[in-house]
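Sequential numbering from 1 applies to the sequence shown in the UniProt record's numbering.
Reviewing the structure listed below.
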Amino acid sequence: MSYQGIRLQNQLAIDQLFSLHYFEYMNSFYFPGESHPFWEFVCVDKGDVTIGAGERSFVLTRGQIAFHEPDEFHWVRAGEGAAPCLIVISFSSDSPMMDFFRKKILHIREEDRRLLARIVQEARKYLSGRLDDPYQTSLSVRPDAPAEGAQIIRTCLEQFLIGLYRRYKKAAVPEIPAGLPPSPDKTIKKNADEEAFARISRYLSVHLSAHLSVEQICIDNLMGRSRLQKLIHEKCGRGIIEYYSLLKIEAAKQMIRDEQMNFTQISESLGYSSIHYFSRQFKKMTGMTPSEYASSIRAIAEGLPDHKQTRSIKYDET
Numbered sequence: 001m002s003y004q005g006i007r008l009q010n011q012l013a014i015d016q017l018f019s020l021h022y023f024e025y026m027n028s029f030y031f032p033g034e035s036h037p038f039w040e041f042v043c044v045d046k047g048d049v050t051i052g053a054g055e056r057s058f059v060l061t062r063g064q065i066a067f068h069e070p071d072e073f074h075w076v077r078a079g080e081g082a083a084p085c086l087i088v089i090s091f092s093s094d095s096p097m098m099d100f101f102r103k104k105i106l107h108i109r110e111e112d113r114r115l116l117a118r119i120v121q122e123a124r125k126y127l128s129g130r131l132d133d134p135y136q137t138s139l140s141v142r143p144d145a146p147a148e149g150a151q152i153i154r155t156c157l158e159q160f161l162i163g164l165y166r167r168y169k170k171a172a173v174p175e176i177p178a179g180l181p182p183s184p185d186k187t188i189k190k191n192a193d194e195e196a197f198a199r200i201s202r203y204l205s206v207h208l209s210a211h212l213s214v215e216q217i218c219i220d221n222l223m224g225r226s227r228l229q230k231l232i233h234e235k236c237g238r239g240i241i242e243y244y245s246l247l248k249i250e251a252a253k254q255m256i257r258d259e260q261m262n263f264t265q266i267s268e269s270l271g272y273s274s275i276h277y278f279s280r281q282f283k284k285m286t287g288m289t290p291s292e293y294a295s296s297i298r299a300i301a302e303g304l305p306d307h308k309q310t311r312s313i314k315y316d317e318t
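Laid out in structure tokens, this is it:
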């Protein structure tokens, strides 16, 4: 028996990576702009931003992604609503497929989010320096970086872009190969798990100011304790209370960046018994105290000497 293989072609290939950032902006952040001879995209994870591209400007909201083609001047300003979180990646590619993305604003889906999350996760292990520094102009590899990290980043990024291309070009590519239908039982269970997790997440988000116990969460959501714990662990690798605490801290970070409340007010609005307990929990989850986090984000916003923030709010000492 003889075999004859096929050569796998690269329809889209990333040549070089120039920046990879996950930013948590203050709502007064403004980056005056730049241009460079390679591609860049801005994807909004939370909040909204106004961006400029050439002579155009527009607002991006959660789940939207905008592409800047090589040598296009672009700038970004935090929106007037919730302080934004952005994923910004710049790279070079000579693939003809990239022409599709010129002047495009697209919407991402959950599968796209998972790929972006994997890219950011891998970048934290592979790249030295901070991913939240918008003024970093050179990348370097960590001395202890896993050797395969670069390929994972590149492969996920290529898969992300090809997925967007296929979806918006409406390529006639079946999602499931003919003759291999999904198991009805597995599909039903997967859909049920997704709905249950979304319902629990909404419930926890609505009750961030409360002191929820596992028992109360189970009662209010008509779900057994073991089922709840298994579901949350499968979806985010945490226990239910740890996940609840994480949501509180993420909300606290958002409030700090919004600059509308001091630490005492934030602590009270999220149901903490004292500002000291809030500060300890914040440091446990983020590695920084609220004051350190606020100073870090403000330092990023003030990174360019000619564009420093003039607005500030007095925070309590922690």
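Backbone N, C-alpha and C define an ideal beta-carbon position, used for all residues, glycine too.
According to DSSP, is residue i helix, strand or coil?
| i | result |
| --- | --- |
| A66 | strand |
| R102 | coil |
| R142 | coil |
| I89 | strand |
| T61 | strand |
| E242 | helix |
| G54 | coil |
| R199 | helix |
| R130 | coil |
| D71 | coil |
| D94 | coil |
| N10 | coil |
| A252 | helix |
| A299 | helix |
| A82 | coil |
Compare the C-alpha of residue i against each of the options and name the closest.
| i | options | result |
| --- | --- | --- |
| E40 | D71, S28, F197, S245 | D71 |
| Y244 | M261, L161, F197 | F197 |
| R102 | R118, Q64, A53, R62 | A53 |
| K248 | D220, K283, S226 | K283 |
| T61 | H68, E69, I51, E55 | I51 |
| E148 | G33, L139, L127 | L127 |
| A299 | S279, R257, M261, Y272 | R257 |
| G63 | D144, G47, V76, S57 | G47 |
| D144 | V44, W75, K125, Q151 | K125 |
| E34 | Q136, R7, D15, Q4 | Q136 |
| I65 | V49, E55, R56, I232 | V49 |
| R114 | I232, S138, Q159 | Q159 |
| L12 | Y22, M261, L157 | L157 |
| V120 | P96, H68, D45 | D45 |
| F67 | E55, M98, R77 | M98 |
| P37 | S269, E69, L8 | E69 |
| L246 | C218, S201, F263 | S201 |
| I152 | F278, M285, S296, I14 | I14 |
Would residue i be called buried (16 or more neighbouring beta carbons within 10 Å of its own) or exposed?
| i | result |
| --- | --- |
| V141 | exposed |
| R109 | exposed |
| V173 | Here V173 scores only 38 on pLDDT, less than 50, and its place in the model is too uncertain to base an answer on. |
| Y168 | exposed |
| M116 | In the sequence as presented, Met is not what sits at residue 116; that position holds Leu. The residue in question, L116, is buried, as its Cβ has 16 or more Cβ neighbours within 10 Å. |
| V206 | exposed |
| A123 | buried |
| K253 | buried |
| P146 | exposed |
| F58 | exposed |
| I210 | Looking at the sequence provided, one finds Ala at residue 210 rather than Ile. A210 is exposed by the Cβ-count criterion. |
| M255 | buried |
| E234 | exposed |
| Y293 | buried |
| R199 | exposed |
| H74 | buried |
| A192 | exposed |
| S2 | exposed |
Specify, as a first and last residue, the run of the alpha helix (DSSP H) that residue i falls within.
| i | result |
| --- | --- |
| H233 | 225 to 236 |
| residue 343 | Coverage of the chain is limited to positions 1 through 318, which leaves residue 343 absent and any answer about it impossible. |
| H276 | 275 to 286 |
| R114 | 110 to 126 |
| E215 | 214 to 221 |
| F263 | 263 to 269 |
Output the boundary residues of the beta strand (DSSP E) element that contains residue i.
| i | result |
| --- | --- |
| R166 | Not the beta strand (DSSP E): R166 falls in the alpha helix (DSSP H), residues 149 to 169. |
| E34 | 30 to 34 |
| E40 | 39 to 46 |
Using a Cβ-Cβ distance under 8 Å, would residue i count as near chain B?
| i | result |
| --- | --- |
| R227 | Note that chain B does not occur in the displayed structure, where there is just one protein chain. |
How about the segment 78 to 94 and the segment 27 to 45: do they share at least three Cβ pairs that are nearer than 8 Å?
Counting Cβ pairs under 8 Å, three or more are found: they touch.
For the segment 149 to 168 against the segment 106 to 124, are there 3 or more C-beta pairs whose distance is under 8 Å?
yes
Does the segment 90 to 98 touch the segment 10 to 27, meaning 3 or more C-beta pairs lie closer than 8 Å?
yes
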